[in-house]
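S.K.:
Protein chains: 2
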Amino acid sequence: MEFKISKDLIQQLEQLIQSKNDQQLEVLLNDLHHADIAEILDELDFDEATYIFKVLDSEKTAEILLELEDDLRENILQRLSAKEIAEELDELDTDDAADIIAELPQSKMEEVISELEDVEHAKDIVDLLRYDEDTAGGLMGKELVKVNENWNVLTCVKEMRQQAEHVTRVHSIYVVDDEDRLKGRLSLKDLLTTSTKTPISDVYIKKVDYVKVDTPDVEVARIMQKYDLEAIPVVDEMGRLVGRITIDDIVDVIKEEADKDYQLAAGISQDVEADDSILELTRARLPWLVLALLGGFVSVKVLGLFEPAMEGHKALFFFTPLIAAMGGNVGVQSSAIIVQGLANNAITGSIIQRLLKELSLSLLNGLILSAILFAGSYFLLGYEIHIGITVTIALLSVIIIASLNGTFIPIILNKYGIDPALATGPFITTSNDILGILIYFSIARLILGF
Amino acid sequence: MEFKISKDLIQQLEQLIQSKNDQQLEVLLNDLHHADIAEILDELDFDEATYIFKVLDSEKTAEILLELEDDLRENILQRLSAKEIAEELDELDTDDAADIIAELPQSKMEEVISELEDVEHAKDIVDLLRYDEDTAGGLMGKELVKVNENWNVLTCVKEMRQQAEHVTRVHSIYVVDDEDRLKGRLSLKDLLTTSTKTPISDVYIKKVDYVKVDTPDVEVARIMQKYDLEAIPVVDEMGRLVGRITIDDIVDVIKEEADKDYQLAAGISQDVEADDSILELTRARLPWLVLALLGGFVSVKVLGLFEPAMEGHKALFFFTPLIAAMGGNVGVQSSAIIVQGLANNAITGSIIQRLLKELSLSLLNGLILSAILFAGSYFLLGYEIHIGITVTIALLSVIIIASLNGTFIPIILNKYGIDPALATGPFITTSNDILGILIYFSIARLILGF
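For the record, the sequence lines run as chains X and V. So the first sequence is numbered by full-length UniProt numbering: it starts at 1 and just counts up by one. So the second sequence is numbered by full-length UniProt numbering: it starts at 1 and just counts up by one.
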């Protein structure tokens with residue numbers, strides 16, 4: 001059941017392309033799933049990929065187009081005429097077609113739309129283009145099965161058969177009134193198990209979950225996950241049924257959202273992949289590194305202030321990276337837990353409760369770690385007891401401060417509508433570094449007096 | 001469309017519980033979705049939650065049970081008799097029932113099983129218990145609609161109606177032979193649009209994606225995502241159809257997998273949430289912190305080796321945290337990109353290509369950052385040019401080494417079947433800290449000679 005691209009297959013394909021053996025190519029590729037062909041095209045060089053793309057018919061290539069890496073899709077679309085692109089789009093669901101069309105430059109977009117054969121399809125696609133891609137409107141497709149509440153089951157089944165022709169997967173049958181306003185739903189199962197004579201108004205379920213066109217995509221994902229929905233209808237400002245979102249589109253949103261939090265925590269500010277170009281990767285990574293570097297300047301400056309400590313307490317400087325790193329690590333842990341909690345809507349209780357909890361947690365962790373540090377500095381590293389006491393108290397303080405920082409900075413950002421994940425990663429590490437060094441040497445000055 | 005728990009609602013419920021007004025409670029709660037009630041119970045104290053749980057009927061509580069936080073579910077299950085638990089399980093799909101039963105202590109588990117009313121249901125649940133929870137067998141449910149390839153459509157529809165009674169959502173109709181071996185599938189849409197006289201063997205689709213009972217859950221998730229499947233059949237070693245996995249179970253796997261990578265990167269070794277107990281949080285966080293602390297000891301030791309540099313080159317020690325932090329940041333970035341790439345099966349190309357790319361990338365980033373550092377140390381911080389040259393060369397070297405480390409340690413771990421995400425977070429930060437300090441002072445010794 002597992003498809004693996006073999007080197008043999010790639011070689012075979014390359015030979016067939018060189019000898020322009022289109023017939024053999026078709027035979028070989030027609031057995032494969034479009035997602036697998038997309039994977040193969042990503043492996044081939046660009047000319048070969050385009051060649052294969054032109055050999056296959058548009059029913060297959062349309063689906064392949066959806067699965068390709070962004071760069072390759074963009075390149076292939078550039079080589080296709082408006083008419084050829086329109087042929088691809090005619091094969092696709094409206095939401096997928098709208099996504100692809102939105103990637104085109106404005107002039108080509110209009111040309112492609114004018115070439116679409118199915119006018120209804122074209123209307124639907126144009127409709128979808130006006131929604132923001134991060135909203136329910138941007139996610140939804142127009143393909144759905146709807147019936148009027150005033151129909152009887154017979155009319156309904158007849159109408160549905162016709163509608164179902166255009167719908168790849170029938171999840172739910174939506175019930176609307178004469179104004180197209182969403183009234184409820186009819187499950188396929190009910191349809192299978194109910195006699196055909198029953199009137200619609202008797203069988204349909206009046207309770208139906210829905211979202212509005214402007215509901216943010218992450219909110220749609222949260223609702224569908226919470227209520228275990230495989231599809232959800234989308235209504236406009238008047239409550240009219242305008243589309244539906246299916247779970248497979250939501251899987252992408254969930255994955256992207258989780259990946260994005262991780263990337264931000266790692267100091268990567270755009271959605272990049274290992275296979276993106278060096279320039280794209282640099283754009284995503286460099287800004288955070290520059291920020292960290294500037295923070296580093298501050299730490300250099302702060303350390304410079306404590307230069308007098310070098311007379312007599314050199315060892316203090318050997319412990320600086322340890323204290324700074326521990327502050328960074330604790331801060332990252334705390335912020336990761338809060339950011340994931342906020343993303344999952346799992347942060348409950350009052351601020352005071354959270355403060356007390358984080359305090360106890362960091363105190364517990366801090367005491368254990370400080371004890372290890374004290375023992376280590378004395379027995380393992382052989383430093384005098386004054387140094388040991390200083391670094392131990394400093395570590396405990398830094399851990400408490402860093403963990404409070406890591407917890408409350410994301411919560412505060414979130415309160416003001418800023419993505420809390422921004423506060424993780426290099427930002428929290430760098431600020432905790434600086435704070436840690438400052439606390440450390442201030443405590444040292446108090447204890448050792450320099 | 002959005003449900004929000006209000007303080008009013010909670011107060012109202014608490015009053016009704018105190019006055020034991022069960023009837024009003026039922027009226028109030030019956031309008032709510034089980035996922036919303038679960039959210040409410042998580043907010044109430046434990047006695048109140050149990051009280052409500054006992055007031056509602058098992059059809060509703062069974063679903064609520066699934067949505068509760070683990071701790072609360074465990075607590076409530078402890079207070080229920082084996083018979084009461086069995087009543088809940090009778091209402092649930094086999095996969096959900098098996099998940100709950102697996103959480104019970106062995107003796108209670110057997111008692112509960114013996115109390116299950118529906119013997120077929122009980123058999124299915126017991127069957128599911130023997131699969132590892134991280135495999136397709138552990139994810140699958142027994143509820144599915146299957147037809148024999150030798151039937152005609154009429155028998156088929158009759159049989160299906162009966163089977164569909166037990167299945168919440170019909171995704172696909174699977175076709176099997178006389179030995180129950182999976183042969184293909186029949187789409188509901190085909191059924192809607194095909195005349196009832198057609199023989200099954202004429203209409204069913206022979207190509208069907210499936211997984212085996214021992215396929216790992218992340219692999220199932222990958223396949224379902226790649227091929228955009230909403231359900232996938234599961235076969236045993238003989239190719240017999242034994243269950244099906246639906247996309248909603250996979251959504252959890254995908255989310256958990258992405259969250260887990262992020263948590264590991266943040267130095268959290270177990271799946272914990274902000275609302276878990278202090279002890280659970282400590283267990284998840286402390287081991288990584290201890291590891292980082294031990295790494296810190298090494299950095300103290302290494303810095304101690306370069307003590308002679310303090311005579312005349314004090315400034316070197318002011319730059320230590322900056323160099324170490326930059327190494328850590330770059331390493332975390334590189335490893336995050338690789339870990340996500342490995343998780344998404346998006347790492348292609350040879351090791352040599354990747355090496356060259358990472359080298360160019362880190363060289364580009366490193367040169368820009370070093371230039372900033374050089375200018376900053378000279379103009380901003382006012383250090384002499386020798387120090388500037390030293391820290392600049394050190395930073396460039398550290399960035400290159402850290403980025404290679406961050407890239408190749410995960411790849412190597414992955415090759416040996418170890419979770420590459422383990423190499424991110426505190427591990428990569430700490431080792432890059434130590435390495436960074438070592439490289440920095442070695443270069444300083446070469447240039448400044450101490």
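Note that beta-carbon positions come from the ideal geometry of N, C-alpha and C, so glycine has one too. This one's a predicted model, so the numbers in the text were calculated from it and none came from an experiment.
What's the gap between the Cα of S19/X and the Cα of Q12/X?
M.R.: On the first sequence, position 19 is the one that residue 19/X refers to. On the first sequence, position 12 is the one that residue 12/X refers to. S19/X and Q12/X: Cα-Cα distance of roughly 11 Å.
S.K.: Which residues in the same chain as A62/X place their Cβ atom closer than 6 Å to its Cβ, once the five residues preceding and following it in sequence are excluded?
M.R.: Residue numbering aside, residue 62/X sits at position 62 when the first sequence is read from its first letter. Answer for A62/X: E88, E91 and L92, listed in chain order.
S.K.: Using the C-alpha atoms, what's the distance from L72/X back to F46/X?
M.R.: Position 46 of the first sequence, counted from the first residue, corresponds to residue 46/X. Position 72 of the first sequence, counted from the first residue, corresponds to residue 72/X. Rounded to the nearest angstrom, the two C-alpha atoms are 7 Å apart.
S.K.: Just how far apart, CA to CA, sit I447/V and T390/V?
M.R.: Against the second sequence, residue 447/V aligns to sequence position 447. Against the second sequence, residue 390/V aligns to sequence position 390. Rounded to the nearest angstrom, the two C-alpha atoms are 7 Å apart.
S.K.: Can you find a CB in chain V that lies within less than 9 Å of the CB of N329/X?
M.R.: Stepping through the first sequence from its first residue, residue 329/X is reached at position 329. At least one chain V Cβ lies under 9 Å of N329/X.
S.K.: Around the C-beta of G138/X, are 16 or more other C-beta atoms found within 10 angstroms, so that it is buried, or is it exposed?
M.R.: Here residue 138/X corresponds to residue number 138 of the first sequence, with the count starting at 1. The residue is buried, with at least 16 neighbouring Cβ atoms inside 10 Å.
S.K.: Below 8 Å on the Cβ atoms is my contact criterion, and I expect L128/X with A98/X to pass it. Report the Cβ-Cβ distance as a whole number of Å.
M.R.: Residue numbering aside, residue 128/X sits at position 128 when the first sequence is read from its first letter. Residue numbering aside, residue 98/X sits at position 98 when the first sequence is read from its first letter. The Cβ separation is near 4 Å, so the contact holds.
S.K.: Just verifying my parser: in three-state terms, what is the DSSP assignment at K260/X?
M.R.: Taking the first sequence and counting its residues from 1, the one referred to as residue 260/X is at position 260. Correct three-state label for K260/X: helix.
S.K.: Going by alpha carbons, who is nearest to M160/X out of D31/X, I200/X, F317/X and P410/X?
M.R.: Against the first sequence, residue 160/X aligns to sequence position 160. When each option's Cα is compared against that of M160/X, the closest is I200/X.
S.K.: Can you name the start and end residues of the alpha helix (DSSP H) that N148/X belongs to?
M.R.: One-based indexing of the first sequence puts residue 148/X at position 148. Note, N148/X: premise wrong, no alpha helix (DSSP H); beta strand (DSSP E) at V145 to N148.
S.K.: Along chain V, which residues have their Cβ under 7 Å away from the Cβ of A266/X?
M.R.: Taking the first residue of the first sequence as position 1, residue 266/X is located at position 266. The contacting residues are A265, V332, Q333 and A336.
S.K.: Specify, as a first and last residue, the run of the beta strand (DSSP E) that K183/X falls within.
M.R.: In the first sequence, the residue the question calls residue 183/X occupies position 183. L182 to L186 is the extent of the beta strand (DSSP E) around K183/X.
S.K.: Please name the residue in D118/X, K123/X, E110/X and I101/X whose C-alpha comes closest to that of residue 518/X.
M.R.: With chain X represented from 1 up to 450, any question about residue 518/X goes unanswered, as that position is not in the structure.
S.K.: Give the interface partners of V272/V over in chain X, defined as CB-CB distance under 8 Å, in chain order.
M.R.: To locate residue 272/V, count along the second sequence from 1; it is residue 272. The contacting residues are I337.
S.K.: Does the CB of K255/V have a neighbour CB from chain X at under 9 Å?
M.R.: Along the second sequence, read from residue 1 onward, the residue named residue 255/V stands at position 255. Taking Cβ atoms only, chain X reaches closer than 9 Å to K255/V, which makes this a yes.
S.K.: Quick one: list the residues of chain X neighbouring D180/V, beta-carbon separation under 7 Å, in chain order.
M.R.: Residue numbering aside, residue 180/V sits at position 180 when the second sequence is read from its first letter. Simply none; closest approach about 18 Å.
S.K.: Would you mind listing the alpha helix (DSSP H) stretches within the stretch 297-355 of chain X that are 4+ residues and don't spill past its ends, in chain order?
M.R.: 315-343
S.K.: By the DSSP assignment, the beta strand (DSSP E) with L241/V in it spans what residues?
M.R.: To locate residue 241/V, count along the second sequence from 1; it is residue 241. Note, L241/V: beta strand (DSSP E), L241 to T246.
S.K.: For P426/X, which residues in the same chain have their Cβ closer than 7 Å to its Cβ, ignoring the five residues on either side in sequence?
M.R.: Numbered from 1 along the first sequence, position 426 holds the residue referred to as residue 426/X. Around P426/X: G267, W288, L291 and A292.
S.K.: May I ask you to verify whether the stretch 414-422 of chain V touches the stretch 252-265 of chain V, counting CB pairs closer than 8 Å and requiring at least 3?
M.R.: yes
S.K.: Determine the DSSP secondary structure at N152/X, reduced to helix, strand or coil.
M.R.: Taking the first sequence and counting its residues from 1, the one referred to as residue 152/X is at position 152. Reduced to three states, the DSSP call for N152/X is strand.
S.K.: With distances taken from CA atoms, which of S360/V, E273/V and L395/V is nearest S370/V?
M.R.: Translated into positions along the second sequence, residue 370/V becomes position 370. Relative to S370/V, the option among S360/V, E273/V and L395/V whose CA is nearest is L395/V.
S.K.: Could you please give me the residues that DSSP links to K108/X through a beta bridge?
M.R.: Taking the first sequence and counting its residues from 1, one reaches residue 108/X at position 108. DSSP, once it has assigned bridges, lists no residue as partnering K108/X.
S.K.: Mind pulling the chain V residues with CB within less than 7 Å of F318/X?
M.R.: Residue numbering aside, residue 318/X sits at position 318 when the first sequence is read from its first letter. Going along chain V in sequence order, the residues near F318/X (Cβ under 7 Å) are V300, L303 and G304.
S.K.: With distance defined between alpha-carbon atoms, name the residue in M326/V, R283/V, S299/V and L68/V nearest to Q270/V.
M.R.: As a working note, residue 270/V is residue 270 in the second sequence. For Q270/V, the nearest C-alpha among the options comes from R283/V.
S.K.: Is the Cβ-Cβ distance between S442/X and G331/X less than 9 Å?
M.R.: Taking the first sequence and counting its residues from 1, the one referred to as residue 442/X is at position 442. Taking the first sequence and counting its residues from 1, the one referred to as residue 331/X is at position 331. G331/X sits away from S442/X, with the two beta carbons spaced by 9 Å or more.
S.K.: N344/X CB to nearest chain V CB: under 9 Å?
M.R.: Residue mapping note: residue 344/X aligns to position 344 of the first sequence, counting from 1. Answer yes: the Cβ-Cβ gap between N344/X and chain V drops below 9 Å somewhere.
S.K.: Is I439/V closer than 9 Å to N405/V when the C-beta atoms are compared?
M.R.: Position 405 of the second sequence, counting from 1, holds the residue named residue 405/V. Position 439 of the second sequence, counting from 1, holds the residue named residue 439/V. Result no, Cβ atoms of N405/V and I439/V do not sit closer than 9 Å.
S.K.: For V253/V, name the three-state secondary structure that DSSP assigns.
M.R.: Stepping through the second sequence from its first residue, residue 253/V is reached at position 253. When secondary structure is reduced to three states using DSSP, V253/V falls in the helix class.
S.K.: Can you have a look at S172/X and say buried or exposed, based on whether 16 or more other CB atoms are within 10 angstroms of its CB?
M.R.: For this step, residue 172/X is matched to residue 172 along the first sequence. The residue is buried, with at least 16 neighbouring Cβ atoms inside 10 Å.
S.K.: Does Y262/V get closer than 9 Å to chain X when you measure Cβ to Cβ?
M.R.: Residue 262/V sits at position 262 when you count from the first residue of the second sequence. Cβ-Cβ to chain X under 9 Å: yes for Y262/V.
S.K.: Would you verify that the beta carbon of Y131/X is, or is not, closer than 9 Å to some beta carbon of chain V?
M.R.: Here residue 131/X is taken as the residue at index 131 of the first sequence, counted from 1. Judged by the 9 Å Cβ criterion, Y131/X is not in contact with chain V.
S.K.: Considering just the uninterrupted stretch of the alpha helix (DSSP H) at residue 451/V, what are its terminal residues?
M.R.: Residue 451/V is absent from the structure shown; chain V starts at 1 and stops at 450.
S.K.: Under 9 Å between beta-carbons, which chain X residues line up against V290/V? List them in chain order, please.
M.R.: Stepping through the second sequence from its first residue, residue 290/V is reached at position 290. Result: I368, L369 and I372.
S.K.: Taking just the CA atoms, how far does L116/V sit from L80/V?
M.R.: In the second sequence, the residue the question calls residue 80/V occupies position 80. In the second sequence, the residue the question calls residue 116/V occupies position 116. Distance between the alpha carbons of L80/V and L116/V is about 14 Å.
S.K.: Any idea which residues DSSP pairs G141/X with across the strands?
M.R.: Within the first sequence, the letter at position 141 stands for residue 141/X. Looking at the DSSP assignment, G141/X forms a beta bridge with R244/X.
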